[in-house]
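Heads up, the sequence shown is in the working numbering, so the first residue is 1 and it goes up one at a time.
Where is the CB? At the ideal position from N, CA and C, for every residue including glycine.
What follows is one structure encoded as structure tokens, with my remarks underneath.
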Amino acid sequence: MGEEQVRLWRRSYDVAPPGGEALKDTAQRTIPFFKRVIVPYLEKGNVLISAHGNSLRSIVMYLDSLTPEEVLNLEIPTGVPIIYFYRDGEFTKEG
1 MGEEQVRLWR RSYDVAPPGG EALKDTAQRT IPFFKRVIVP YLEKGNVLIS AHGNSLRSIV
61 MYLDSLTPEE VLNLEIPTGV PIIYFYRDGE FTKEG
């Protein structure tokens, strides 16, 4: 396994490491959960989400309507907040 293979596993949309899951797999779990569980809470107030990087990448991919190609370059820095507002069924990103 070389550096390029590890980069592919870490940043691709549909290539999973051995015994792991690709971002596509993560998105298939996190986005339905986000819609089913988190959105109803957002209708009542603020929500703070703290999660693993790939889970956050899949949620941001959904919120920002990114394509699988666009998400390849998405970097979510550790410990840096990303703020979205939810109003009238729409998400907007602060900044």
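- In the three-state scheme derived from DSSP, where H, G and I count as helix and E and B as strand, residue 4 is classed as helix.
- In the DSSP annotation of this structure, the continuous segment of the beta strand (DSSP E) that includes residue 85 starts and ends at 84–87.
- Nearest to residue 63 by alpha-carbon distance, out of 32, 6, 44, 5, is 32.
- For residue 93, the beta-bridge partners assigned by DSSP are 84.
- The alpha-carbon of residue 58 is positioned some 15 Å away from that of residue 84.
- The Cβ atoms of residue 55 and residue 26 sit closer than 8 Å to each other.
- When Cβ pairs closer than 8 Å are counted between the two stretches, the region 36–53 is seen not to touch the region 17–24, the count staying below three.
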